[in-house]
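Residue numbers (my numbering): 46 to 221. What follows is a set of notes on a single structure, which appears directly below.
Listed below in structure tokens is the structure:
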């Protein structure tokens with residue numbers, strides 16, 4: 046305990062108050078450092094716009110006029126295909142996917158993505174119960190289809206005997 050200007054203070058309480066004040070000040074400074082970029086033609090058409098949320102988080106929103114799309118597919122032993130469709134006069138963008146797989150015997154298969162300028166290929170683990178193999182990818186900026194009115198297809202690999210598989214895909218479409 047000590048005395049300042051005629052008031053008595055308990056030292057650990059003062060130290061805790063100073064520490065909390067420093068944390069709050071750092072949080073406010075960090076929040077100020079995460080200001081979103083100035084809008085441009087590129088961010089308003091081709092990619093999601095970064096929006097600052099609560100301190101320490103960044104949320105993504107779609108460009109103005111874009112239509113969010115998502116799809117999923119599930120299956121057993123064979124390949125699973127999830128497709129973001131092409132639409133006349135619009136370009137499809139892939140923002141991410143999540144694939145899970147489970148089978149009697151664990152293995153690794155290929156997960157491929159077509160409909161892009163360059164095809165993508167990922168290793169997809171297939172787990173054994175109770176462990177599920179998971180492959181997740183988020184693209185920022187989102188990846189554009191190879192042409193207008195072109196579908197983007199995510200092909201999950203073969204899970205194998207006793208297999209269960211789920212593929213979730215999300216993105217958006219935007220007029221050119």
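For every residue, glycine included, the Cβ atom is placed at its ideal position computed from N, Cα and C. Note that this is a predicted model, so its numbers are computed, not measured.
Spanning the alpha carbons of residue 149 and residue 110 requires a straight line of approximately 45 angstroms. Residue environment: residue 154 is assigned as buried (16 or more neighbouring CB atoms within 10 Å of its CB, all protein chains considered). With fewer than 16 other CB atoms across the displayed protein chains lying within 10 angstroms of its CB, residue 166 is exposed.
Approximately 6 angstroms separates the beta-carbon atoms of residue 216 and residue 137; this is inside 8 angstroms, confirming the contact. Listed in chain order, the non-local C-beta contacts of residue 152 below 7 angstroms within the same chain comprise 171 and 205, local neighbours out to five positions each way being set aside. Note that the C-beta distance between residue 200 and residue 124 is below 8 angstroms.
The C-beta of residue 207 has fewer than 16 other C-beta atoms within 10 Å across all chains shown, which makes the residue exposed. Annotation for residue 213: the continuous beta strand (DSSP E) segment containing it runs 209-220. Looking at 130, 176 and 114, the one whose alpha-carbon comes closest to that of residue 192 is 130. Boundaries cannot be given for residue 111, as no beta strand (DSSP E) includes it and DSSP labels it neither H nor E. Ranked by how close their Cα comes to the Cα of residue 183, the residues 202, 213, 122 and 128 have 213 in first place. Look at residue 200 here: in three-state DSSP terms it is strand.
Beta-bridge analysis with DSSP links residue 178 to 146.
In this structure, the CA atom of residue 133 is about 21 angstroms from the CA atom of residue 163.
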